[in-house]
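Notes follow the structure.
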Amino acid sequence: PGNMEPPVAKKVSHEIEMFGDVRVDSYYWLRDDSRCDAEILSHLRRENAYTDHVMSGTKQLQEQIYNEIRGRLKEDDISAPLRRGPYYYYTRTLEGKEYTMHCRRPVANVDSKPSVYDTMPTDPAAPPEQVLLDENIKSQGHAYYKVNAFKVNPSDKLIAYAEDTKGDEIYTVHIIDADSQTTVENPLVGVTSYLEWAGDGALVYVTMDEIHRPDKVWLHKLGTEQSLDQCLYHEKDDMFSVGLHASESKKFLFIESESKTTRFVSYLDISKLDEGLVVLTQRSDGIETSASHRGDHFFVIRKSDDCFNSEILVCPVNDTSAITVLLPHRASVKIQSMQLFNKHLVVFERENGLPKITVYDLPPLGEPVDRLQSGRTVDFDDSVYSVDSEESQFSSSILRFHYALLTTPPSVYDYDMKSEISVLKKRNEVLGGFDSADYVTERKWATATDGTKIPISVVFRKDKVKLDGSDPLLLYGYGSYEICIDPYFKASRLSLLDRGFIFSIAHVRGGGEMGRPWYENGKLLKKKNTFTDFIDCAEYLIGQKYVSKEKLCIEGRSAGGLLIGAVINMRPDLFKAAVAGVPFVDVLTTMLDPTIPLTTSEWEEWGDPRREEYYRYMKSYSPVDNITAQNYPALLVTAGLNDRRVMYSEPAKFVAKLRETKTDDNVLLFKCELGAGHFSKSGRFEKLEEDAFTYAFILKALNMV
12 PGNMEPPVAK
22 KVSHEIEMFG
32 DVRVDSYYWL
42 RDDSRCDAEI
52 LSHLRRENAY
62 TDHVMSGTKQ
72 LQEQIYNEIR
82 GRLKEDDISA
92 PLRRGPYYYY
102 TRTLEGKEYT
112 MHCRRPVANV
122 DSKPSVYDTM
132 PTDPAAPPEQ
142 VLLDENIKSQ
152 GHAYYKVNAF
162 KVNPSDKLIA
172 YAEDTKGDEI
182 YTVHIIDADS
192 QTTVENPLVG
202 VTSYLEWAGD
212 GALVYVTMDE
222 IHRPDKVWLH
232 KLGTEQSLDQ
242 CLYHEKDDMF
252 SVGLHASESK
262 KFLFIESESK
272 TTRFVSYLDI
282 SKLDEGLVVL
292 TQRSDGIETS
302 ASHRGDHFFV
312 IRKSDDCFNS
322 EILVCPVNDT
332 SAITVLLPHR
342 ASVKIQSMQL
352 FNKHLVVFER
362 ENGLPKITVY
372 DLPPLGEPVD
382 RLQSGRTVDF
392 DDSVYSVDSE
402 ESQFSSSILR
412 FHYALLTTPP
422 SVYDYDMKSE
432 ISVLKKRNEV
442 LGGFDSADYV
452 TERKWATATD
462 GTKIPISVVF
472 RKDKVKLDGS
482 DPLLLYGYGS
492 YEICIDPYFK
502 ASRLSLLDRG
512 FIFSIAHVRG
522 GGEMGRPWYE
532 NGKLLKKKNT
542 FTDFIDCAEY
552 LIGQKYVSKE
562 KLCIEGRSAG
572 GLLIGAVINM
582 RPDLFKAAVA
592 GVPFVDVLTT
602 MLDPTIPLTT
612 SEWEEWGDPR
622 REEYYRYMKS
632 YSPVDNITAQ
642 NYPALLVTAG
652 LNDRRVMYSE
662 PAKFVAKLRE
672 TKTDDNVLLF
682 KCELGAGHFS
692 KSGRFEKLEE
702 DAFTYAFILK
712 ALNMV
């Protein structure tokens, strides 16, 4: 192809002054909250056209990778059915179809006791399948389609589901009859995907304010107009957002209001809706609580400055001030969450960087709950893995969980809490001759500049790597919000591993992998630890001969895109290529503007730059503010026009300023999805196309096309 010049964005001087410091933002004009300014859209289209042009030579490679990735996918598939009351509920995908079908089948013998060995009969004589919702039909006419809540009422007769057709995370809730799939009443509009049934005839949902902060909780009684719904709670403090979840017992709904350091809980008794919300835990700065219910008791996870890894408390429903510590705080074990059953308490924990599950027996219902017997830990044979909770049945003794390795596809297990037997219910099939025995996974520890040991997860195909420094390596990182990036399987990634790549995750501070202090030491005025940890992990991998600078590629999304933006400013010499997905790169300007979604609620994560100490510190790493005249790695930046979490204008400005300032000829591409939001395209095959594009970019940057 003939040469096409990279797009040049016009410069319009815009001065932002704070504390006597003047920053000139020549690309401030690229922000348009209405997302319909013709000049801006034209600039974004030029960037997309330039990206297409530069990548046109990789079209065949993209197609080849896409076919590999899609060829591994069992397109016609079914999830592990969950027995819930008189039905098995599950989802299905069909060959060639982008979206999911939500289905159920009647349980033949309703009186049979649930067992880990249960399977749903699908033979011709079995009770027939009911398709409750086919997203392939509902998505017609929409470029984007996502169902984020699918809730069946207690009598199994009605379904409420939340649907987003733009990617802006503003949902419409439809209420349908399960048997006929016909609409029961007008949809609820302009809501979030927080949605729960409060008995058979009422729904509780959450709405957002103009900065997309979930702030109001509503009670909707079926048969009435949305305009008449009762507001149960309004959180006026713009540092706080509300959430909603149902107890496993389905007798209570819990409404949490949380900032980044404080969370308190109220409850709604489903049998006494007219009594409204009752306060369970008080709002107290620095104290975070979450709750559930069983029998005559509420169970509460409580985090405080002293109990930084959390403790579990219990109190009677009729006297919530009579608190007993059930599971005390431990400095080396972080309590992540709990799941309650009629006879058991299951605690999801983290120790030494890995998740674990501990099961405790509870005394019979009606008896006091004042202490726990010793717990049993579910045994995992592997050294590096991830485990997550799944919906289980409160009345049973069966815990369902989700398990994965870097080398093993996601698996669903049912664990019998009495016999301690685990049964595999479903493992995602990977077609195309995949054998997990061909791959090796390792846990390594890099030493950070301050002496802290940083865990790194590594995976490679053993017959494809030399481990002499000549192999290409993709290093992934995130490191914010106490989120753990546990080792997870991704079938697309095999297209890199099978080409001789090593894939690594740097579990840097700011995440939650090593407990609460891991997060505290990578936020606010310690945020730069996230970036230096990542650089130290990169240096470690080079020193251990996993890779050399010339072959080291890095990737991060969202807050992980901030990480990528920061480290390529700090150490551009260390990386050959970088991918920054929907990156939060305009930290200072965004955090100074309370009209932008997420700003007010995130002053406790990044700092409030209206205070000089934070202003100076944030300015010292904010990627847009630290671009200098130097050579940068090859760079791919992505955005979504409808993104409400990271405004498309942040990556757009970052790219424009880099184009203006950098001194190299390395490729710099900006790809902005004009019909999607923070989570990119919605179809399962469309997502594979994005993976193929990203991998082709990396291979091109390494001259491996």
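When we follow the working numbering, the leftmost residue of the sequence shown carries the number 12, and every step to the right adds one.
Just so you know, even glycine gets a beta-carbon here, dropped at the ideal spot from N, CA and C.
Ignore the nearest five residues each way along the sequence and tell me which others in residue i's own chain have a CB closer than 7 Å to its CB.
i	result
leucine 291	Val276, Ser277, Tyr278, Ala302, Phe309 and Thr331
arginine 57	Pro18
glutamate 561	Lys587
proline 117	Pro97, Tyr98 and Pro138
serine 324	Note that residue 324 is leucine in the sequence shown, not serine. If we look at leucine 324 and ignore the five residues flanking it on each side, its Cβ neighbours are Val311, Arg313, Ile334, Thr335, Val336 and Leu337.
serine 24	Val35 and Ser37
cysteine 717	The chain is shown only over 12 to 716; residue 717 falls outside these bounds and no answer can be derived.
tyrosine 110	Glu146, Asn147, Ser150, Tyr156 and Gly694
glutamate 286	Asp280
glycine 107	Glu86
With DSSP as the reference, identify every bridge partner of residue i, one or two as the case may be.
i	result
valine 163	Ile170
phenylalanine 310	Ser303 and Val325
cysteine 114	Tyr101 and Val142
serine 433	Tyr426
glycine 443	In DSSP, glycine 443 forms no bridge with anything.
tyrosine 182	Val202
alanine 415	Ser397
valine 289	Tyr278
glycine 651	Glu684
valine 716	For valine 716, which the question treats as bridged, DSSP gives no partner whatsoever.
Going straight from the alpha carbon of residue i to that of residue j, what length do you get?
i	j	result
alanine 448	leucine 679	38 Å
lysine 22	leucine 41	10 Å
proline 718	aspartate 167	This structure cannot speak to residue 718, because the chain is shown only from 12 to 716.
leucine 93	alanine 570	34 Å
glutamate 697	histidine 304	41 Å
tyrosine 172	isoleucine 579	42 Å
arginine 361	tyrosine 632	30 Å
alanine 712	lysine 455	27 Å
alanine 91	cysteine 47	43 Å
valine 358	proline 225	28 Å
methionine 250	tryptophan 614	8 Å
leucine 416	isoleucine 467	14 Å
glutamine 241	glycine 567	42 Å
phenylalanine 690	glycine 178	7 Å
arginine 656	serine 491	14 Å
serine 397	glutamine 141	33 Å
asparagine 120	asparagine 197	36 Å
aspartate 461	threonine 543	10 Å
Only counting the same chain, and skipping five residues up and downstream in sequence, which positions put a Cβ closer than 6 Å to that of residue i?
i	result
phenylalanine 586	Leu563, Ile565 and Pro644
glutamate 440	Lys85
histidine 245	Lys227
tyrosine 551	Ala457
glycine 592	Arg568, Gly572 and Thr649
Indicate whether at least one CB of chain D lies closer than 7 Å to the CB of residue i.
i	result
alanine 712	Chain labels in this structure do not include chain D; a single protein chain is all it has.
If I measure Cβ to Cβ from residue i and keep anything under 8 Å in the same chain, skipping five residues before and after, which residues do I get?
i	result
tyrosine 128	Val434
leucine 508	Tyr450, Val470, Phe471, Arg472, Lys475 and Phe514
glutamate 717	The shown model of the chain, from 12 to 716, leaves out residue 717, and the question about it has no answer.
Less than 6 Å separating the Cβ of residue i from some heavy atom of the ligand MG?
i	result
glutamate 684	Looking for the ligand MG in the displayed structure turns up nothing, as the structure carries no ligands at all.
Ranges of the beta strand (DSSP E) found wholly within the stretch 229-276, counting only runs of at least 3: The stretch 229-276 contains these whole beta strand (DSSP E) runs: 241-245, 252-257 and 263-269.
Taking the runs of the beta strand (DSSP E) that are 3 residues or longer, which of them lie wholly in the stretch 556-633? Listed in chain order, the complete beta strand (DSSP E) runs (minimum 3 residues) inside the stretch 556-633 are 563-568 and 588-592.
Which ranges would you report for the beta strand (DSSP E) in the stretch 335-406 if only whole runs of at least 3 residues count? Correct list: 335-338, 344-351, 355-362, 365-372 and 397-400.
Which runs of the beta strand (DSSP E) fall wholly inside the stretch 468-541 and span at least 3 residues, in chain order? Along the stretch 468-541, the beta strand (DSSP E) occurs as fully enclosed runs of 3 or more residues at 484-488 and 513-517, listed in sequence order.
Should the stretch 246-265 be called in touch with the stretch 203-219, which here means at least 3 C-beta pairs below 8 Å? Contact between the stretch 246-265 and the stretch 203-219 is present, because at least three Cβ pairs lie under 8 Å.
Please determine if the stretch 147-159 and the stretch 427-446 are in contact, where contact requires at least 3 C-beta pairs separated by less than 8 Å. Not touching, per the Cβ criterion.
Between the stretch 210-227 and the stretch 156-170, do three or more beta carbon pairs fall short of 8 Å? In this structure the stretch 210-227 lies against the stretch 156-170, because at least three pairs of beta carbons, one per stretch, are closer than 8 Å.
Is the stretch 478-491 touching the stretch 512-526, taking contact as three or more C-beta pairs under 8 Å? Three or more beta-carbon pairs drawn from the stretch 478-491 and the stretch 512-526 are found closer than 8 Å, and the two stretches are therefore classed as touching.
Quick check on the DSSP output: what are the complete alpha helix (DSSP H) runs of length 4 or more inside the stretch 658-699, in order along the chain? DSSP runs (the alpha helix (DSSP H)) wholly in the stretch 658-699: 660-672.
If we count Cβ pairs, one from each stretch, closer than 8 Å, do we get three or more for the stretch 32-50 versus the stretch 649-664? Two segments are said to touch when three or more pairs of C-beta atoms, one from each, lie closer than 8 Å; by this definition the stretch 32-50 touches the stretch 649-664.
Quick check: the stretch 375-387 against the stretch 340-348, are there 3 or more CB pairs under 8 Å? Flag = no, the stretch 375-387 and the stretch 340-348 do not touch.
Inter-stretch contact at 8 Å, needing at least 3 Cβ pairs: the stretch 528-535 / the stretch 367-374: The stretch 528-535 and the stretch 367-374 do not touch, with fewer than 3 CB-CB distances between them shorter than 8 Å.
Please give the ranges of any alpha helix (DSSP H) in the stretch 28-92, keeping only runs that are unbroken, at least 4 residues long and fully inside the region. Listed in chain order, the complete alpha helix (DSSP H) runs (minimum 4 residues) inside the stretch 28-92 are 49-66 and 70-82.
For the stretch 602-611 and the stretch 518-529, state whether three or more C-beta atom pairs, one from each stretch, are separated by less than 8 Å. Counting C-beta pairs with one atom in each stretch, the stretch 602-611 and the stretch 518-529 have fewer than three that are closer than 8 Å, which means they do not touch.
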